[in-house]
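Heads up, the final residue of the sequence shown is numbered 87 in numbering that gives the first Met the number 0, and it's a clean run with no missing numbers. Below is one structure, written out as structure tokens; comments come after it.
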Amino acid sequence: MFFSLEIWGNFSFGGGGKMLKRSWTAEEIEKSKALAGKLPTGKIAEQLGRGPVAITMKARQLQISLRTHGASSPSQIFKETAPARGTS
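Quick look at the structure:
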């Protein structure tokens, strides 16, 4: 199976077809910390020019929660749409 290089975006391939990692800058780490919990992972990825998996992996490495809070979080939506307990 062959893939277009466009799929891989900002990555380059080294000898043997291995994907080379792009190092994180101090600014990217600080920005990801500032945006964590405020924006969804996909939006953070767009702002940093990285993929969502890279954002998730770095957040895990830094022990940063990416869980968003507020009305748009899945738990909040569930609470707003679920019937109250004891009423059916």
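Even glycine gets a Cβ: it sits at the ideal position worked out from N, Cα and C. Given the structure is predicted, the values throughout are model-derived calculations rather than measurements.
In this structure, does DSSP put residue i in helix, strand or coil?
| i | result |
| --- | --- |
| Leu38 | strand |
| Gln46 | helix |
| Lys30 | helix |
Comparing C-alpha positions only, which one of the options sits nearest to residue i?
| i | options | result |
| --- | --- | --- |
| Arg21 | Lys42, Ser64, Arg49, Arg59 | Arg49 |
| Thr67 | Ala33, Lys57, Glu45 | Ala33 |
| Met56 | Gln46, Glu45, Thr40 | Thr40 |
What are the boundary residues of the alpha helix (DSSP H) that residue i is part of?
| i | result |
| --- | --- |
| Thr55 | 51 to 61 |
So residue i and residue j are in contact, right, with Cβ under 8 Å, and what is the actual spacing, rounded?
| i | j | result |
| --- | --- | --- |
| Gly36 | Leu65 | 7 Å |
With burial defined as no fewer than 16 other Cβ atoms inside 10 Å of the residue's Cβ, what is the status of residue i: buried or exposed?
| i | result |
| --- | --- |
| Ala25 | exposed |
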